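So the structure is just underneath, and the comments pick up after that.
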Amino acid sequence: TAPLFITAPPWWIIEPVDLKIRKGSNAMIQCKADGSPKVKVTWTKQSESHQTPVFMNLPSNIHVFEIGTLSISNAR
């Protein structure tokens, strides 16, 4: 016998939504995806030119949970 590996494109379990928050507020953006191979969620911030996303250097008030949810405390 031989192992059979089935791959599948990623799909949303919880799709993130656009969110506007006031300065000083807290927010959680839910995000969860699955697929095969295992999906890794990466958050990006749009650059000033709005042409290409750049990876965020996370300040202390932002946390990304292992499941992909983004938490913002005391928004700046």
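Basically my numbering = 1-based index in the sequence shown + 11. Glycine residues also receive a C-beta, built at the ideal position from the N, C-alpha and C atoms. These numbers come from a predicted model, not from an experiment.
Pick helix, strand or coil for residue i, following the three-state DSSP scheme.
i          : result
residue 21 : strand
residue 29 : coil
Do you know how far the Cα of residue j is from the Cα of residue i?
i          : j          : result
residue 80 : residue 69 : 14 angstroms
residue 24 : residue 44 : 5 angstroms
residue 34 : residue 86 : 5 angstroms
residue 13 : residue 51 : 28 angstroms
residue 31 : residue 15 : 45 angstroms
residue 72 : residue 29 : 19 angstroms
residue 63 : residue 53 : In this prediction, residue 63 has a pLDDT of 49, which is less than 50 and means its spatial position is unreliable; what the coordinates show is noted afterwards. Residue 63 and residue 53: Cα-Cα distance of roughly 15 angstroms.
Look up residue i in the DSSP assignment and give the residues it is bridged to.
i          : result
residue 82 : 39, 74
residue 44 : 23
With the cut-off set at 7 angstroms, would you say residue i and residue j are in Cβ contact?
i          : j          : result
residue 36 : residue 19 : no
residue 27 : residue 17 : no
residue 38 : residue 78 : no
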